[in-house]
Structures are given as structure tokens and as C-alpha cells.
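Engineer:
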Amino acid sequence: MDPFLLTVWVVRLLFLGLLYLFLFRIARALVGDLRAAAREPGAELGRLVVVASPAGEPEEGTSLALDAIATLGRDVNNAIVIEDQFVSAEHAILTFRGRAWYLEDLGSTNGTFVNGAPVEGVAPLGFGDVIQLGQVRLRLERPRAARSGR
Amino acid sequence: MTAAAPSLPAILGPIRPRPRGRETRLLVIVAVTILVGSVSLELARRVTDPGESQGLSPANPLHLAIYLGLIGMAHVVLILSGRRMDQILLPATAMLGGISLLLMERLPQTQVVQSVGPWTLGLGDIQLAWLILSFSLATILAVTVRSDRWLRLYKYTWAAAGVGLLVATYFLGDDINGQRLSLSLGPISGQPAELLKVILVVFLAGYLSEYRPLLVEESTKVGPISLPPLPFLAPMVAMWAIALGLVVVQRDLGAALLFFTVFLCLLYAATGRVGYVVVGVVLFLAGSFVMYHLVATVQTRVDIWLDPFKSASGDGYQIVQSLYAFARGGLLGTGLGAGLPTVGGNLPIPAVHTDFPLAALGEELGLVGVMAILGLFLVVVERGLRIAASAADEFRALLAAGLALVIGTQALIIAAGNLKLIPLTGITLPFVSYGGSSLLVNGIIVGLLLALSDRGVEPPPPPRPRSRLARLTGRVTRLETPDRARAPLPPAREPGR
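As given, the protein sequences belong to chains A and B, one line each in that order. Following the working numbering from start to finish, the first sequence increments by one per residue and tops out at 150. Following the working numbering from start to finish, the second sequence increments by one per residue and tops out at 647.
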């Protein structure tokens, strides 16, 4: 065969081959990401980040992983214990029902607030909302996914 | 690059470079691939025109060097920025841009000619210029966007700007486009719609993230079917009306289809409710049916789609030629630069550089090459959804998902149109088609996605007090008690700020 035409063919196929090599390398990186995500312990449903906490317990900036049901209050038996003199022993409860988070006030003395509005009954929450109990403000954030691609 | 370095700290603070090893390795493969493609293009040229110098050389060394230099510079800037950003988006889009450059160099340069001062620029030159602007824009946005406040807090302003853009196009359309499109190409109304799709995603992300709790929770029972709450169907109807308006007023089927698809995808992503999608699809089918009988353009497009060979030399000409091109390509293609036989000195497909780049690539790279290109789009969408999944709050998640879906949906619509899977609509293949506004907007999208992928530079701003939402929330809790369960829903209102 004519060596020139052979070269043409080889270069053509090399181009296609390199395209697939590129895709293969990306696919391997993506699979690596997925594996890393699978290795992460327990799928969490959301996080609470402490925005303001004058009493220092929990500390500001702390990020707390949430289970499907999380009680908040001053009593040590709560899932999230908040040391603040304006917080009741059993203050509020956060629940994840199916698709969204809900916040319910458990008859606290000073009330529970979502983005500054008092909670009456059960309030649906969106990620990014700020809830307030006593002087403590907490922000609901999306669950942390695996660190990927960086 | 080093020249710009000393001025950086003044704007962005001290430089703390962060290595991006994965991106570096992938970009090396991109560079080699584009180089090989260029050599392949040059070899194909020599097959038909022998007698030139022997040995391997790229087709247009200057273009190639400029493009690869540009990508390299973007990479260095991202490293210097020190942000933990996604490392796969840039290589994937750089590969698409490189393939676009090869294709535009390969097509007859007289397809688009523009004179700038003393120079006469051909198709390849102009595309390279737009690619430079596009990737520069992406890099600048990726490095400088540290907060999404300016998008998040002004969603209604953005929406108003988008509507204003549409209205302006309607009234001043010819003048504006007469100036802008002195390049004389394809679907003129595509220009503002390009920017509009980003604005749409910003607005939808803002709206849906604010009202998500209500959209998820409430429902209106109609017999056994549980429908979404009626007041919140208003935006869906509005969206549907805008899409239909686009079709009626601007004859822009592609943009209408794209907007509505992205809207439904985002609505589903935000709520996870199939009911919305069902309602949307029903609305879409009803609208399509009415449009088919009312608007001549729609009717022509659908008729061509049903049987292009009926008018193979008339309306159906382009799509028939596109099918022939795919058929000639076969499995491995004819090789870059060796396909697309000219008919009387003209290309078989007149709009090959804007609407049918996939047909040209299908002929020259074959099924194998087209699959690889579709794979690249899949990678871009996957990255966008991954960025969305690891975002800190709803707005960022929906924004990232929406931006990625815009690119994915657009590629899907035009690829399916070229292959006669759906009626052809004139929109661009992202990053590959010729066209300035399309490339620039795609640059914006990639830049925003990169910036969003850097988690935790600035925590999301505190949401505004939801006075309105609190009222509605109160209603939710009341509705849960049985005696008030039949309480009438308030009339649909435009959501206020």
C-alpha cells in the first residue's frame, strides 16, 4: 500500500483514538469520584451550620450532620443540645419527611423563628433557611456530597 | 501571563496557587488530539492536491498555536486563582472548541467573510476570535465570581431585563440584527435568545428555591389525581405562554423548545414531583397541536420531518443532505477534510457551519466520532449535575443544574434535529457551531459553573424574611386540619419581591 495513504489512515484513526482516550480518562476520573462518594459514611440528609451563638455552645461555625429526626433544646437528651438561657429544655424538632425538612415548635417559652418569622405549627424549610431558637441562629444546608473533580 | 501577575494581588489578594493535576493531564490529551486532528486535515488536503512539501505538519499552525496557547493560559490563571474548582469542565469544553476550530478551518473560508480594517477574515479566523473571547470570559468569571448575591437577590430584575430584551427584539429586531449580523448568517432571532437562556435559568433558580417548600408540599386534588397547587401553576402557564409567544412572534422554535424543556427539568429537579412534568407535557402537546395549525413555519418543519424526501430539492433539501452526509460517513468517517463533496462549487448543506456541524462531523469522523462528541456533552452535563449535588443551598444547586441542562438540552435538540429524530429547529450546537453570541453565552455558562463548583468561598447570604411565604405557610398548616381542608385557594398572583 502507498505509504502516504497509510499515513493518512493512521493519523485519522489516531485522532479518533485520542478522542476516546480523553473520554476514557474522564470516565475513570468520574468513576473515582463516585467510589469516593460511596465510601463516605452514612448518607446524611442535611446539615445545620451554627451562624450565631452568644453562649458559645455549640460554637459558631460548627456544622452538624442531621438524621431524619433531630430534636433541639437545652436538655442533654436532645440530638442537638443548645446551651442558651432563652432556649427551652425541649424546644423544637426538625424532621425530614420524604422530600423536605420541617420544623415544629414543641411549645417552647420563647418560640422558634424561620428567617425571622415565628413558627406556628409545622413549617416547611428550604436549604439555606435560617432558624432561630433563643439567641442561637442555625442555617440549614444541603448534605455534603463527596468532594469531586477538584 | 507573568506580565499580568504583579497586578493580580491588588485586585484579588495574595496569590496562593493550587495545582490542578487532573486538569493538566486532560489538557495535554486535548492538545495532542487537536494537533493530530490538524495534521489529519492537512494530509487530507494533500491527497487531493499533491506536489506540496512532504512530511507531517498541522493545517493552520498559527490558529492551532493561538488556540492551544489560550487554553494553556486559561489553565494557568485557574491554577493561580487558588480556588478548588472543577477540573473536568475546562478540558471537555476545550476539546469541543478545538473540534469546532478544526471544522471551521476545514469548511470553505468564504462561507463567512468579514473585513476588519486592512484584514479580510474568513470563517476559521472569526471562529478563533470568538473562541478566544468565549474562553477568556469563562476564565474571568471563574476567577472573579466569588458571590452569587448579584444573581440571587435580583431575580425579578433579571427576568424583567430578559422580557425587555425580547420586546426590544420584537420591535427593533431588524435594526439590531442588521448591525449585529452583518456577518450574514443563520437564524437572526437566535441572538437575544442566547443570552435569554442564562437569564431564564437565573430567574427559575431564584423562584424555585424560594417557593420549593410549598411546591413540594401542597397539592390540589382533582378526583383521584393529585395535582400541584393551583397558584403555583401560574408560572408554568406563564412560561408556556412565553414559549408560544416566541414561536408566534419570532418564529424561533428552537429557543421555545429549549426554554420549555429546561423549565420542566428544573421544576422536576426542584420538587421531584412527576405531576408537574405530566402537566407540562400535556400543555406542550396541546400547544404544539395548536401551533401546527396556526403557524405556517411550524407546519413546514413538521411536514419536512415526517417526509423530507417529498421535497428533497426544496424545503427538505438541507435535512436530506444531512442524512446523506451521515450515511457517507459510516462507521469511521471519511477523515477530517475528506468529506462533504461540493455540488457545483457549493457545499451540499448551506447552513453547515451553524445548524449542521454535527452532520459535517458525522461524515468526516463517522459514527465513532459523533458518539465521542455526544459523550463530551454528556460529560459537561454530568459535571454540572455533580456541581449541583454538592452545592450548599437550593439556589446554587438549581443554578448549576439549570446551566448544565441548557447546554445538554441544546445539544440534544440540534443533534436530534440533524438526525431527523425530531423536527429541525435552528439552534446552535454548543461550542461547536459557528456564531459569536452562542460562543460567548456558552463561555458565561462554563465560567459560572466553574465559580459555583468552588464550595464555601462565601456562605450563601441569609434568606430574606419570608413575609409572604409565612402567610402561605400558615395556610399550609391550617389546611392540614380536616375541617378547613376544603378552604378555597387564594387567587393566583404574580409573586412580589
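Just so you know, even glycine gets a beta-carbon here, dropped at the ideal spot from N, CA and C. Treat the numbers as computed from the prediction; the structure is a model and nothing was measured.
For I26 of chain A, would you say it is in contact with chain B, using Cβ-to-Cβ distances shorter than 8 Å as the test?
Structural biologist: Answer yes: the Cβ-Cβ gap between I26 of chain A and chain B drops below 8 Å somewhere.
Engineer: Out of B:A242, B:G552, B:V263, state which residue places its alpha-carbon closest to the alpha-carbon of F137 of chain B.
Structural biologist: Nothing in the structure corresponds to residue 137 of chain B, since chain B is present only between 151 and 647.
Engineer: Taking 8 Å as the threshold (beta carbon to beta carbon), is F353 of chain B in contact with chain A?
Structural biologist: No, no contact with chain A.
Engineer: I'd like the list of long-range same chain contacts for V189 of chain B, defined as Cβ closer than 6 Å, with 5 residues on each side in sequence excluded.
Structural biologist: Counting only Cβ-Cβ distances below 6 Å, and skipping sequence neighbours, we find L206, P208.
Engineer: For L281 of chain B, count neighbouring Cβ atoms within 10 angstroms of its own Cβ and tell me buried if that reaches 16, exposed if not.
Structural biologist: By the 10 Å Cβ count, L281 of chain B comes out buried.
Engineer: Apart from the five residues on each side of it in sequence, which residues of its chain come closer than 6 Å, Cβ to Cβ, to G312 of chain B?
Structural biologist: So the qualifying residues of the chain are L346, I349.
Engineer: So, is P573 of chain B buried or exposed, given that buried needs 16 or more other C-beta atoms within 10 angstroms?
Structural biologist: So P573 of chain B counts as buried.
Engineer: T7 of chain A versus chain B: which residues are under 7 Å apart at the beta carbon?
Structural biologist: Here the neighbours are L193.
Engineer: When the Cα of H250 of chain B is compared with those of B:Y217, B:V429, B:W455, which residue comes out closest?
Structural biologist: One detail in the question is off: residue 250 of chain B reads as Ser in this sequence, not His. Taking only the C-alpha atoms, the option nearest S250 of chain B is B:Y217.
Engineer: Do you know offhand how far L417 of chain B's Cα is from Q560 of chain B's?
Structural biologist: Roughly 18 Å between the two C-alpha positions.
Engineer: So, is the C-beta of F127 of chain A closer than 8 Å to a C-beta in chain B?
Structural biologist: It does: the Cβ of F127 of chain A has a partner Cβ on chain B nearer than 8 Å.
Engineer: For a minimum of 4 consecutive residues, which ranges assigned as the alpha helix (DSSP H) are wholly contained in the region 91-147 of chain A?
Structural biologist: The qualifying runs do not exist here; there are none.
Engineer: Please list the terminal residues of the continuous beta strand (DSSP E) segment that includes V49 of chain A.
Structural biologist: Unbroken beta strand (DSSP E) run through V49 of chain A: 46-52.
Engineer: Please classify L6 of chain A: does DSSP put it in a helix, a strand, or coil?
Structural biologist: L6 of chain A falls in the helix class under three-state DSSP.
Engineer: For L524 of chain B, tell me which candidate among B:V470, B:S540, B:P507 has the shortest Cα-Cα distance.
Structural biologist: The option with the nearest alpha carbon to L524 of chain B is B:P507.
Engineer: What is the DSSP secondary structure of T504 of chain B, counted as helix, strand or coil?
Structural biologist: It is coil, neither helix nor strand.
Engineer: With burial defined as no fewer than 16 other Cβ atoms inside 10 Å of the residue's Cβ, what is the status of F4 of chain A: buried or exposed?
Structural biologist: Answer is exposed; the Cβ neighbour count stays below 16.
Engineer: For the beta strand (DSSP E) that contains L271 of chain B, what are its first and last residues?
Structural biologist: Note, L271 of chain B: beta strand (DSSP E), 269-271.
Engineer: Determine, for S297 of chain B, whether the minimum Cβ-Cβ distance to residues of chain A falls below 8 Å.
Structural biologist: Closer than 8 Å: no.
Engineer: Do V178 of chain B and G248 of chain B have their C-beta atoms within less than 8 Å of each other?
Structural biologist: Not a contact, by the Cβ cut-off of 8 Å.
Engineer: Would you say I80 of chain A and L64 of chain A are within 8 Å of each other, going by their C-beta atoms?
Structural biologist: Yes, these two residues count as a Cβ contact at 8 Å.
Engineer: From the DSSP output, in three-state form, read off T71 of chain A for me.
Structural biologist: Strand, per DSSP.
Engineer: Note down the Cα distance separating G519 of chain B from E60 of chain A, rounded to an integer number of angstroms.
Structural biologist: Roughly 53 Å separates the two Cα atoms.
Engineer: I want to see whether chain B comes within less than 8 Å of V11 of chain A, judged by CB atoms only; does it?
Structural biologist: V11 of chain A counts as touching chain B.
Engineer: Please look up how many angstroms separate the CB atoms of L240 of chain B and A215 of chain B, rounded, as I've assumed it's under 8 Å.
Structural biologist: Between A215 of chain B and L240 of chain B the Cβ distance is about 19 Å, and since that is not below 8 Å, they are no contact.
Engineer: Where do the N-terminal and C-terminal ends of the alpha helix (DSSP H) with L433 of chain B fall, by residue?
Structural biologist: Here the alpha helix (DSSP H) through L433 of chain B covers 424-444.
Engineer: Per the DSSP calculation, S63 of chain A is bridged to which residue(s)?
Structural biologist: DSSP, once it has assigned bridges, lists A:V49 as partnering S63 of chain A.
Engineer: Can you give me the C-alpha to C-alpha distance between F581 of chain B and R144 of chain A, rounded to a whole angstrom?
Structural biologist: If I take the Cα positions, the gap works out to 32 Å.
Engineer: On the DSSP letters alone, give me the boundaries of the alpha helix (DSSP H) that G552 of chain B sits inside.
Structural biologist: Where G552 of chain B is concerned, the enclosing alpha helix (DSSP H) stretches over 544-568.
Engineer: Going by alpha carbons, who is nearest to T447 of chain B out of B:W390, B:L497, B:T575?
Structural biologist: It is B:T575.
Engineer: Would L408 of chain B pass as a contact of I184 of chain B if the rule is Cβ separation under 8 Å?
Structural biologist: No, these two residues do not count as a Cβ contact at 8 Å.
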